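Student:
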């Protein structure tokens, strides 16, 4: 047994230091035995929480807990003003239920974006945009601009995430979805970036048999843009210049 | 309108929807509190665990995605880690006495509001009661107290290399007697 494999139990219990944990996670990628043992541990212990005898929570706990949760929140909720107050967009693309931008705004740890990128290595493909290809202003190297969770439009099980990244002065939109319906014939899922009510093509994909799909798209539309939303529609083929199908997933940006 | 499922609520929580967090809280308060209490054995500490768990959810410090399996399983794991962490910060020696109630299989603890939990707990306690004392103890120390591999090896006077095998064996025994009771272990994967 390699030294690393001995850390499986402590990893499972979450008692490794951050550094150890990262090292062990790297080890997991190359050690099938550990991966299987970890999975087995998770399965074998999955029921154990229900062994706990029901305890009555103390009076007023909900108020206390939620109060401290919302108090913990200092920055995010404070900027509720919509810098583009006029943009109460009626996207003609939609029934896109764009909630107020501020409510949708969500910044996540860069690690998720990194993970997104990692999971894409191997099948990243970039599309040349049909606009005359002037690139956007160079920006700092590889940083996460914004990441959002995509919301399904209807009572669908699909889920997804989108991240805008800036890399070498280029802007990339990375989209990843789960549990979307199969496509038929030439159908594709088309990603759109919306500015006001104007949709811009932002890559397309067809999901695999497990309903997973992903695309990385280099956004290079001329001029300055302030994207309001990202949406995914099901299109008859990959040539739609404006959305023809209904929105499957979307989120404000 | 139908009720939102966990993943949908979680999505709304990420978009800073306070009501969604409150709904998730209501849905899981009792289970998470009872589970935390089972680990830290103290009401005040258990409340602290819940507070930390919900702060992590709200601030997005813990990220759930569907590849991580069922939302409830993920949430329970996060809760267990938080509770174990708090227990360790308490600095005092964790006590790892067996919880005798684990092996009770009477109806005395009624859970009006959580029928499924009650049934599952009932079957589990029956299964636990069939384990040898040593096996119950190792599950207790490992799973509910989050003791380190090294510590368990010292406690049981086992070579480091055999600890994992012992734990697996105990858990497998438990699973076997559960499946003899029929179906429960599969249901848990719903």
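Protein chains in written order, with my numbering: chain A, 65 to 317; chain B, 247 to 436.
Each residue gets a CB set at the ideal place from its N, CA and C atoms; glycine is no exception.
Here the structure is a predicted model, which is why all the values come from computation and not from measurement.
1) When the Cα atoms are used, what is the spatial distance from residue 264 of chain B to residue 299 of chain B?
2) Only counting runs of 4 or more residues, tell me where the alpha helix (DSSP H) segments fall wholly within the segment 89-123 of chain A, in order along the chain.
3) Between the segment 94-105 of chain A and chain B, which residues of the former have CB atoms less than 9 Å from a CB of the latter, in chain order?
4) Please work out which residues of its chain come closer than 7 Å, Cβ to Cβ, to residue 291 of chain B, disregarding the five sequence neighbours upstream and downstream, and give them in chain order.
5) Name, please, each residue of chain A whose Cβ falls closer than 9 Å to the Cβ of residue 384 of chain B.
6) Would you kindly check if the distance between the Cβ of residue 256 of chain A and the Cβ of residue 300 of chain A is under 8 Å?
7) Under 8 Å between beta-carbons, which chain B residues line up against residue 129 of chain A? List them in chain order, please.
8) Of all the residues that make up the segment 262-280 of chain A, which are near chain B by a beta-carbon distance shorter than 8 Å?
9) What number of angstroms, rounded off, separates the C-alpha of residue 285 of chain A from the C-alpha of residue 225 of chain A?
10) Any beta carbon of chain B sitting closer than 8 Å to that of residue 72 of chain A?
11) Buried or exposed: residue 394 of chain B, going by 16 or more other Cβ atoms within 10 Å of its Cβ?
12) Give, in chain order, every residue of the segment 282-302 of chain A whose Cβ lies closer than 7 Å to some Cβ of chain B.
13) Suppose you measure from the CA of residue 312 of chain B to the CA of residue 336 of chain B; what does that come to, to the nearest Å?
14) Can at least three beta-carbon pairs, one atom from the segment 270-289 of chain A and one from the segment 236-243 of chain A, be found at a separation below 8 Å?
15) Listing by chain order, which chain B residues have their CB less than 7 Å from the CB of residue 88 of chain A?
16) If residue 417 of chain B sits next to residue 108 of chain A, beta carbons under 8 Å apart, how far is it from one beta carbon to the other, in whole angstroms?
17) Helix, strand or coil: which one does DSSP assign to residue 222 of chain A?
18) Checking 8 Å against the spacing of the C-beta atoms, do residue 397 of chain B and residue 115 of chain A come in under that value?
Tutor: Result, derived from the coordinates:
1) Locating residue 264 of chain B in the second chain gives position 18, counting from the first residue. Locating residue 299 of chain B in the second chain gives position 53, counting from the first residue. Taking the Cα positions, residue 264 of chain B is about 15 Å away from residue 299 of chain B.
2) Those alpha helix (DSSP H) runs which fall completely within the segment 89-123 of chain A and span 4+ residues are 96-109.
3) 101, 104, 105: these are the residues of the segment 94-105 of chain A whose beta carbon lies less than 9 Å from some beta carbon of chain B, given in chain order.
4) Numbered from its first residue, the second chain carries residue 291 of chain B at position 45. Hits under 7 Å: 332.
5) Start at 1 with the first residue of the second chain, and residue 384 of chain B comes out as number 138. Neighbours of residue 384 of chain B on chain A: none; closest Cβ ~11 Å, over 9 Å.
6) Residue mapping note: residue 300 of chain A aligns to position 236 of the first chain, counting from 1. Residue mapping note: residue 256 of chain A aligns to position 192 of the first chain, counting from 1. At a Cβ-Cβ threshold of 8 Å, residue 300 of chain A and residue 256 of chain A do not count as neighbours.
7) Residue mapping note: residue 129 of chain A aligns to position 65 of the first chain, counting from 1. Simply 271, 293, 296, 297, 300.
8) So nothing in the stretch comes that close.
9) Walking along the first chain from the start, residue 285 of chain A turns up at place 221. Walking along the first chain from the start, residue 225 of chain A turns up at place 161. Between the C-alpha atoms of residue 285 of chain A and residue 225 of chain A there is a straight-line separation of about 22 Å.
10) The residue given as residue 72 of chain A occupies position 8 in the first chain. Judged by the 8 Å Cβ criterion, residue 72 of chain A is in contact with chain B.
11) The residue you call residue 394 of chain B lines up with position 148 of the second chain. The residue in question, residue 394 of chain B, is buried, as its Cβ has 16 or more Cβ neighbours within 10 Å.
12) Flagged: no residues at all.
13) Residue 312 of chain B sits at position 66 when you count from the first residue of the second chain. Residue 336 of chain B sits at position 90 when you count from the first residue of the second chain. Between the C-alpha atoms of residue 312 of chain B and residue 336 of chain B there is a straight-line separation of about 33 Å.
14) Contact between the segment 270-289 of chain A and the segment 236-243 of chain A is present, because at least three Cβ pairs lie under 8 Å.
15) Here residue 88 of chain A is taken as the residue at index 24 of the first chain, counted from 1. Here the premise fails: no neighbours, minimum Cβ distance about 12 Å.
16) Looking up residue 417 of chain B in the second chain gives position 171. Looking up residue 108 of chain A in the first chain gives position 44. Sure, about 4 Å apart at Cβ, within 8 Å.
17) Here the question's residue 222 of chain A lines up with position 158 in the first chain. Coil.
18) Here residue 397 of chain B corresponds to residue number 151 of the second chain, with the count starting at 1. Here residue 115 of chain A corresponds to residue number 51 of the first chain, with the count starting at 1. Going by C-beta atoms, residue 397 of chain B is not nearer than 8 Å to residue 115 of chain A.
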